[in-house]
Amino acid sequence: MKRREFSLLAGGAAVATGALWAGAAQADVAKPEAGTDYLPLDPRASVEAPTGKIEVVEFFWYSCPHCNAFEPALEEWVKKLPKDVYFRRAPVAFRDDFVPQQRLYFALEAMGLVDKLHAKVFAAIHVEKQDLSKAAAILEWVGKQGVDKAKFTEQYNSFSVATKATKAAQLQNAYKVAGG
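The working numbering puts the first residue of the sequence shown at 3, with every later residue one more than the last.
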């Protein structure tokens, strides 16, 4: 067999094999199945995103080590979001003892301090090993961050923060978020 014939034959075999592998790879990519690959939401969960935008919700708990580990990568991702993506956070409350940290987040949000203190809350809990699971400890910690403690306490105990915490728990249930 001449080199040219061999090259054509070998090349044809490689292309045919590649096509078979590509077909097999495509066959492995099945359509996602409800209940196996994702959970359908019935009824649909509420969204806050403006019309035409894709909403991404981060469910988190400040004392969760996985949430803490994920936060730096998430922060970088959020900085690069396309214009058609609306991102928001929802602190979870699988039990009543999670509620103080829900209120912490929403009080920070009400005061415009999430960007400044969100990562610091994670660091206080996971790096400095501070127990920020109760209101008194949270209020003490916030005061040490240079935040007006009286104003923060007012927000923390406000009806609007309590309402947001309740709505976050409802959203968590609507999205069937499991954990705790």
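Quick reminder that beta carbons are idealized off the backbone N, C-alpha and C, glycines included.
Asked                                                                                                         : Found
Coarse secondary structure for Glu57, derived from DSSP in three states                                       : strand
Cα-Cα separation between Arg105 and Gly54, rounded to whole angstroms                                         : 30 Å
Spatial distance of Thr151 from Ala32 (CA atoms)                                                              : Going by the sequence as given, residue 151 is Lys instead of Thr. For Lys151 and Ala32, the distance between alpha carbons rounds to 54 Å.
Environment of Asn175 [buried if 16+ CB atoms lie within 10 Å]                                                : exposed
Arg90 and Glu142 closer than 8 Å at C-beta                                                                    : no
Terminal residues of the alpha helix (DSSP H) in which Phe184 lies                                            : Since the first and last residues shown for the chain are 3 and 182, residue 184 lies out of range.
Start-to-end residues for the alpha helix (DSSP H) that takes in Arg46                                        : Here Arg46 belongs to no alpha helix (DSSP H), and DSSP marks it neither H nor E.
Simplified DSSP assignment, three categories, for Ala36                                                       : strand
Inter-residue CB distance, Ala73 and Phe124 (contact presumed, cutoff 8 Å)                                    : One point to set straight first is that residue 73 is Glu, not Ala, in the sequence displayed. Their Cβ separation, rounded to whole angstroms, is 6 Å, which keeps Glu73 and Phe124 in contact under 8 Å.
Rounded separation between Val163 and Gln132 - CA only                                                        : 23 Å
Sequence-distant residues of the same chain with beta carbon closer than 7 Å to Lys65, five excluded per side : Contrary to the premise, residue 65 reads as Ser rather than Lys in this sequence. These residues qualify, in order along the chain: Gln103, Ile127 and Ser135.
Start and end residues, alpha helix (DSSP H) containing Ala170                                                : Phe161 to Ala176
DSSP beta-bridge partners of Phe62                                                                            : Pro93
Alpha-carbon spacing of Tyr187 relative to Lys81, whole angstroms                                             : Nothing in the structure corresponds to residue 187, since the chain is present only between 3 and 182.
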